[in-house]
Every structure is written in C-alpha cells, then in structure tokens.
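Here is the structure we will look at.
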C-alpha cells in the first residue's frame, strides 16, 4: 500500500477528495524494477493495469519491421502508462522498459479499480476522465506532428 502523500499531486488523481485518495491508495501496489527490466512487452496480454511512475524513468518502445526495439519516448516520475489495456483489456501497444536506473512503479489492477468504483463512483469517473484528457493531449500532439511531417515531406497543398 502507498501513502496518500505519494499520490495526491499526480495528474491521474486530480480532483479526488481525501476519502477518494485514501481508497485509491489502498488498491495501489508498488513494484521495484531494476534498470533495464521489461515491465511488459508490446502485443502481450498481461494485467489490465495502469502503472504510475513514482521514481525513475521508463522507456516507451516499439519494434520496427526489422525487429529492432526503438525507444519512442521516456516517461518520467508522475507519468502513467498501460492506460489503453487498462480500459479495453487488449494487448499492450508498446513495450515498457525501465531506463538506466532502478524505478518504482505503482500499479492499479482493473479488477481492484472496478470494486473501488462500486464504493466511490465519482472517484472512478474522475480517474477515467483524467486518463481520457491525457490520451486526448497525446492525440492532439500526434496530429500536429503528423501535419508538420506531411508539410515537410509533401509541401503545402492548396485547393
């Protein structure tokens, strides 16, 4: 179990009351991963969990067509990942590996979260809305990057 002070300022828990934070803290499991340890692999169906980095860094990686593992980004303390599989229980869309240092990653299992939502429906709504807002931010950034890349490769086309 983690302490409320460890999670109260995390974006995924923004807007939760003290009681809701206490209830969430009770279902969080902290895990310590050594440097370079794979948390899960792209395409795997593991725990439908959301993971939150408490300490350290985690690399977001995808396999190229040639099979090379490429690092797309680095998630830092306070970031969360695994949210897509947490929501839809589908295979992971990326490989997540701890970077060059030991990392502490907190985990919320979907089945525990579903039980919590029965007692605190507003907390469930807030957490899922915070996850949705994060996904929307990523999608908007990707749209901008795609358009920037398209402009670079194809030039601007006016109709």
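Numbering (this note's numbering), first residue to last: 1156 to 1314. No residue lacks a Cβ here, since even glycine has one placed at the ideal position from N, Cα and C. Keep in mind the model is a prediction, meaning the values are calculated, not measured.
Check: Using the rule of at least 16 other Cβ atoms within 10 Å of the residue's Cβ for burial, across every protein chain shown, is residue 1275 buried or exposed?
Finding: To locate residue 1275, count along the chain shown from 1; it is residue 120. So residue 1275 counts as buried.
Check: residue 1238 to residue 1205, Cα distance in whole Å?
Finding: Locating residue 1238 in the chain shown gives position 83, where the first residue counts as 1. Locating residue 1205 in the chain shown gives position 50, where the first residue counts as 1. Those two C-alpha atoms are separated by around 5 angstroms.
Next item on the list: Output the distance between the C-alpha atoms of residue 1217 and residue 1255, rounded to the nearest integer angstrom.
Entry: Reading the chain shown from its first residue, position 62 is the one you call residue 1217. Reading the chain shown from its first residue, position 100 is the one you call residue 1255. Rounded to whole angstroms, residue 1217 to residue 1255 spans 18 angstroms at the Cα level.
Check: Where in the region 1205 to 1255 do unbroken runs of the beta strand (DSSP E), each at least 3 residues long, occur, reported from the N-terminal end onward?
Finding: 1213 to 1218, 1224 to 1230, 1250 to 1253
Next item on the list: State the DSSP-derived secondary structure class of residue 1260, mapped to helix, strand or coil.
Entry: Along the chain shown, read from residue 1 onward, the residue named residue 1260 stands at position 105. Reduced to three states, the DSSP call for residue 1260 is strand.
Notebook entry, point to check: Where do the ends of the beta strand (DSSP E) carrying residue 1183 lie?
Noted result: Translated into positions along the chain shown, residue 1183 becomes position 28. First-last of the beta strand (DSSP E) with residue 1183: 1183 to 1188.
Item checked: residue 1266 to residue 1278 span [Cα, whole Å] -> Taking the first residue of the chain shown as position 1, residue 1266 is located at position 111. Taking the first residue of the chain shown as position 1, residue 1278 is located at position 123. Roughly 15 angstroms between the two C-alpha positions.
Note to self: Could you give the first and the last residue of the continuous alpha helix (DSSP H) run that contains residue 1168?
What the structure shows: Reading the chain shown from its first residue, position 13 is the one you call residue 1168. That residue, residue 1168, is in no alpha helix (DSSP H); it is neither H nor E in DSSP.
Note to self: So, for residue 1184: in the same chain, excluding its five sequence neighbours on each side, which residues have a beta-carbon less than 6 angstroms away from its beta-carbon?
What the structure shows: Position 29 of the chain shown holds residue 1184. Counting only Cβ-Cβ distances below 6 angstroms, and skipping sequence neighbours, we find 1262.
Next item on the list: Following the continuous alpha helix (DSSP H) through residue 1159, name the residue where it begins and the one where it ends.
Entry: Locating residue 1159 in the chain shown gives position 4, where the first residue counts as 1. Start and end: 1159 to 1162.
Note to self: If you follow the alpha helix (DSSP H) that residue 1272 is in, where does it begin and where does it stop?
What the structure shows: Here residue 1272 refers to the residue found at position 117 of the chain shown. It spans 1265 to 1274 - the alpha helix (DSSP H) in which residue 1272 sits, taken as one unbroken run.
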